[in-house]
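Read the structure below first, then the notes.
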Amino acid sequence: MPQQAFEDWRPGFSLPRELYLDDAVFADELDRIWRSSWLFAAFAAELPAPGAFVSHAVGDARILIVRDDDGALRGVHNTCRHRGMPVCEEARGSVERWVCPYHQWTYARDGALLGAAGLDGAADPASLGLRRAPVEEVGGLVFAWLGDGEPAPFGPARRVLGEALALQGLDRARVAHAIDYEVRANWKLVWENNRECWHCHLGPPEYAQANFDVAPDTRRTRELAAARAADHARLLARAGAPATDEHVGPGLYAFPSPGRGWSANRTPLAPGFVTESLDGRPVAPLMGGHPDYDVGTLRVRTVPNLWCHASADHAVLTRLEPLAPGLTRARVSWLVDAGAVEGTDFELGRLLPFWQLTSEQDWDLCERNHAGVRNPAYEPGPYSPSREANVAAFSAWYVGRMTAA
-5 MPQQAFEDWR
5 PGFSLPRELY
15 LDDAVFADEL
25 DRIWRSSWLF
35 AAFAAELPAP
45 GAFVSHAVGD
55 ARILIVRDDD
65 GALRGVHNTC
75 RHRGMPVCEE
85 ARGSVERWVC
95 PYHQWTYARD
105 GALLGAAGLD
115 GAADPASLGL
125 RRAPVEEVGG
135 LVFAWLGDGE
145 PAPFGPARRV
155 LGEALALQGL
165 DRARVAHAID
175 YEVRANWKLV
185 WENNRECWHC
195 HLGPPEYAQA
205 NFDVAPDTRR
215 TRELAAARAA
225 DHARLLARAG
235 APATDEHVGP
245 GLYAFPSPGR
255 GWSANRTPLA
265 PGFVTESLDG
275 RPVAPLMGGH
285 PDYDVGTLRV
295 RTVPNLWCHA
305 SADHAVLTRL
315 EPLAPGLTRA
325 RVSWLVDAGA
335 VEGTDFELGR
345 LLPFWQLTSE
355 QDWDLCERNH
365 AGVRNPAYEP
375 GPYSPSREAN
385 VAAFSAWYVG
395 RMTAA
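Each residue of the sequence shown is one higher than the one before, starting from -5 at the first, in our numbering.
Structure, rendered in structure tokens:
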């Protein structure tokens, strides 16, 4: 790995070119960040009954997450303990047991070895179960740890995310639609784009109309945002939502910070918008415990792979997967209340456009940004303290994770 590039980085400046493009850096990122973090992997709604499973992969690491007979979620690494064949090639489905297609070693849902023809006493079957992958569920979101060794404590993230997500009801939701994108850009450029909205007037104008993120920092704007936030706080208090600084405030929220890769806050929408839709009007029935549509949006982020905008009537979550130094898969999922019926309670033609247009416009900017970074003439430039403080914080978080002993 080109260590000199990390030593050359200056806080408050964009990253050196090699950190976006180098294969060795990318491989090290998979170990130091992606397989050493709790990753958003699935929705609990995708695993409704015993036997339901989904697969999740980062790089060469592949796991299966399954709902067991006792209702608990289990994670197992998708590699047979005989000769390494994946025991399942499906992205999702329902399973009674895992059967390796090579030599038919058979495992229980939780990975315990049930049968191994030909073992003939060569090893103890109890020691040959599928390797476990820790999983955690909070507020309807399922996180997984793909790396070796003891995972980082999940408790601190659970407290923040659980409190924030309680009202949203993602655990009582359904995935109405999902779109997979392959973005020809480094995953860090995708995050950097997400961490500022300086570009939003020219990039995703639909987003700019609905949010305070790009509004001019004037006394009038601050007063309007504060008034909207106060209105929302009263509605949320009626529903028993927590009234903490973590969850109430206008505009962009400071994130990430050293040692903390998760955050949640609620922010008011612009006047005339009660949800993130093209016209600001509701697009689906109320979710969870929301008392009213006009409660702003809940924003949740966990680096390195999740951000979420949740209105009272729907939630949109983006999950990242790094494929190569210059290629990132992004899955954008729209969730509505579990009882909402397409064609009766909501129409995809009204549910999707706000975040579909915003995402696709951002992916285009990320791809063009990556092409510019590939230019040998690229040099790190200074971040704007007023407009790009969160981008600077992300770069500092990244360098800290990559250079930690």
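Beta carbons: idealized from backbone N, C-alpha and C, even for Gly.
Quick caveat, the model's predicted, so the values are computed rather than measured.
Item: Am I right that H50 and A138 are in contact with their C-beta atoms under 8 Å? What's the rounded C-beta distance?; Value: 6 Å
Item: Do G105 and R29 count as a contact pair if the criterion is CB distance below 8 Å?; Value: no
Item: Tell me the residue span of the beta strand (DSSP E) that contains S327.; Value: 321 to 331
Item: Return the Cβ separation of P265 and L229 in integer angstroms, given the expectation that the two are a contact with Cβ distance under 8 Å.; Value: With 8 Å as the limit, P265 and L229 do not qualify as a contact, their Cβ atoms being about 16 Å apart.
Item: Tell me where the beta strand (DSSP E) around H171 begins and ends.; Value: 167 to 177
Item: Report the rounded CA-to-CA distance for R77 versus Y96, giving the unit in angstroms.; Value: 9 Å
Item: Measuring straight from C-alpha to C-alpha, what distance separates G156 and D114?; Value: 48 Å
Item: What are the residues that DSSP puts in a beta bridge with F47?; Value: V60, G87
Item: With distance defined between alpha-carbon atoms, name the residue in G133, A179, D2, D16 nearest to R152.; Value: G133
Item: Kindly give me the distance between the Cβ atoms of V294 and L159, rounded to whole angstroms, as I take these residues to be in contact under 8 Å.; Value: 7 Å
Item: State the Cα-Cα distance for the pair G6 and A390, rounded to the nearest angstrom.; Value: 8 Å
Item: Distance check for G53 and L108, CA to CA, integer angstroms please.; Value: 29 Å
Item: Tell me which residue opens and which closes the beta strand (DSSP E) that R295 is part of.; Value: 291 to 296
Item: Put C360 into one of helix, strand or coil per three-state DSSP.; Value: helix
Item: Just curious, the alpha helix (DSSP H) that S389 is in, first and last residue?; Value: 383 to 397
Item: Measure the C-alpha to C-alpha separation of A21 and A399 and round it to an integer number of angstroms.; Value: 17 Å
Item: Decide if L13 is buried, meaning its Cβ has at least 16 other Cβ atoms within 10 Å, or exposed.; Value: buried
Item: For a test of the three-state rule: what should DSSP assign to F206, helix, strand or coil?; Value: coil
Item: Under the three-state reduction of DSSP, which class applies to T100: helix, strand or coil?; Value: strand
Item: Assuming the contact rule is C-beta atoms closer than 8 Å, R323 and L317 should be a hit. Round their C-beta distance to whole Å, please.; Value: 6 Å
Item: If you run the structure through DSSP and keep just helix, strand and coil, what is V132?; Value: strand
Item: Please return the same chain residues whose Cβ sits closer than 6 Å to the Cβ of W192, not counting the five positions on each side in sequence.; Value: R381
Item: DSSP three-state label for L317, please.; Value: strand
Item: Taking its Cβ as the centre, do 16 or more other Cβ atoms sit within 10 Å of P262, making it buried, or is it exposed?; Value: buried
Item: Just to confirm before moving on: does the CB-CB distance between A387 and F340 stay below 8 Å?; Value: no
Item: Where do the N-terminal and C-terminal ends of the alpha helix (DSSP H) with V154 fall, by residue?; Value: 149 to 159
Item: At which residues does the alpha helix (DSSP H) containing V268 begin and terminate?; Value: Where V268 is concerned, there is no enclosing alpha helix (DSSP H), given that its DSSP letter is neither H nor E.
Item: Figure out for me which residue from F267, L314, T312 has the closest Cα to the Cα of T291.; Value: F267
Item: By how many angstroms is the C-alpha of G333 removed from the C-alpha of M281?; Value: 9 Å
Item: Leaving out the 5 sequence neighbours to the left and right, which residues in its chain are closer than 7 Å to N384 when beta-carbon positions are compared?; Value: R189, E190, L246, A248, F249
Item: If you reduce the DSSP assignment to three classes, tell me which class L280 lands in.; Value: coil
Item: Along the alpha helix (DSSP H) that carries A235, what are the first and last residues, could you check?; Value: From DSSP, A235 is part of no alpha helix (DSSP H); its letter is neither H nor E.
Item: Excluding the five sequence neighbours on either side, which residues of its own chain have a C-beta within less than 8 Å of the C-beta of R252, listed in chain order?; Value: Rather than Arg, the amino acid found at residue 252 in this sequence is Pro. Correct list, in chain order: A390, W391, G394.
Item: With a cut-off of 8 Å on the beta carbons, I'd call F206 and S271 a contact; round off their distance for me.; Value: That belief does not hold up - the Cβ atoms of F206 and S271 are roughly 17 Å apart, past 8 Å.
Item: Return the CA-CA distance between G112 and R91, expressed in angstroms with no decimal places.; Value: 19 Å
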